[in-house]
Amino acid sequence: MDTTATGSGQRVDDRSPMPVNYVRNLLELIGDFGLDTDQLLARVGLDADAVYSPRPALRFDQFRRVMEGARAMGGDPAIGLALGQQLTVTAHGLLGYAAISSADLGEALELLERYFRTRTRLCLPRLRVQGPWVRFCLAEPYDLGDIRVPYLEVVTAALVGGLRYLLGDRFRDATLELPYTEPAHARRYAEVLAMPVSFGGDVAALRFPAALMSEPLALADPASRQMAAQKCEEELQRLEADQDWASRVRGRLMQAEGMLPSLEQLAASFHLTSRTLRRHLAAVGVSYRNLLEEVRMTRAVRYLQANLPVQKVADLLGYADPSNFTRAFRRWTGHPPSFYRH
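Counting from 1, one number per residue, gives the positions in the sequence shown under the UniProt record's numbering.
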């Protein structure tokens, strides 16, 4: 059964940067599998200079080609899980060092939630405490097409590995929830991650006991943490300054959980008035309503592809009446909700 996205949501700009060290890790993994990395690069139209140059990032289209080529050459549908295992906390640069130096797991995850965008914008983290449980969720602002599943495998496997590195044997009683139907290689998840995994959820999420948030970290160092976090903040500010207002608003909407915020609420989160935010959006040719509908459509398609009932999808998107959701969905896509269910 196909578990990838099928054109829902905003496509990634092929020029969007990706940290080059992730591609280097992938090539090293391919080499460990006994495959010819030079052949892989040639197959996808790259060379070693492009990957090992001092430049900090490749374009998204290059990252996608390497990922697709690796899956094809390796013949392993679970290669994303293997790559995620290889990504140590320090592979994430200053963000990794800030996390390691944090006082406890809660502080480390709060840093990860805020500065994840300095590493990649292809998914956006949300940290939610729900009674005795915590869910670290990964919202998807873009349609990644055929690499959606392996990309989420990379990120979630790296997240699980990172928490195990930080807590050791104290990391337990966790479950990984994934927002796609069970793939043919589903058994590999439990083998690789050594934890329960469920499929068909509304969002990718790691669920674990809230008590773990206060667990101290062995390498806590307040001075190092403050220095690394400050560098991350500077990098985040540079990145956000380069984004247009449509991208900023779309990102905040994708991070929202439950009911989507009103224009006034979203403007307040940017420390703006609703009138000023409306003017910023008008300058790039979009309206808040347009972006709200786009995010709702993106979420709706993904929920339906994960086989959530229409009533549940309507509830998640804030529709009291499923028939109203069905009408809106037809307006967005030209199809009934059943068209997107597996």
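We put the CB at the ideal spot given by N, CA and C, even for glycine.
Pairwise C-alpha distance: ALA283 and ASP221: 44 Å
Local Cβ density within 10 Å of TYR52, reported as buried at 16 or more and exposed below that: exposed
Residues of its chain near GLU293, where Cβ-Cβ distance is below 7 Å and the 5 sequence neighbours each way are ignored: TRP332
Within 8 Å, strictly: CB atoms of LEU260 and LEU253: yes
Nearest neighbour of THR298, chosen from ARG250, THR273, ARG327 [CA to CA]: ARG250
Between the CA atoms of MET73 and ASP49 - distance to the nearest angstrom: 21 Å
Euclidean distance between Cα positions of GLN39 and VAL313: 44 Å
At least 3 beta-carbon pairs within less than 8 Å: the region 115-125 vs the region 100-107: no
Cβ neighbour criterion (16 or more within 10 Å) applied to GLY285: exposed
Span of the beta strand (DSSP E), counted from its first residue to its last, around GLN130: 124-130
Cβ neighbours of ALA205 in the same chain (closer than 8 Å, five flanking residues each side left out): ARG135, PHE136, CYS137, LEU138, LEU176, GLU177
8 Å contact criterion, which TYR180 and ALA306 should meet: CB distance rounded: 6 Å
Outcome for ASN25 when other beta-carbon atoms lying within 10 angstroms are tallied against a minimum of 16: buried
Buried versus exposed, by CB contacts within 10 Å (16 or more), GLN265: exposed
Cross-strand partners of VAL134 (DSSP beta bridge): VAL129, PHE208
Pairwise C-alpha distance: HIS271 and PRO183: 43 Å
Residues near GLY69 by beta carbon distance below 6 Å, same chain, minus five either side: LEU40, ARG43, VAL44
Residue range of the unbroken beta strand (DSSP E) whose run includes LEU176: 175-178
The region 207-219 in contact with the region 230-246 per 3-pair CB rule at 8 Å: no
Complete runs of the beta strand (DSSP E) confined to the region 68-156 [at least 3 residues]: 124-130, 133-139
PRO216 - partner residues in DSSP beta bridges: ASP104
Exposed unless 16 or more other CB atoms sit within 10 angstroms - verdict on GLU140: buried
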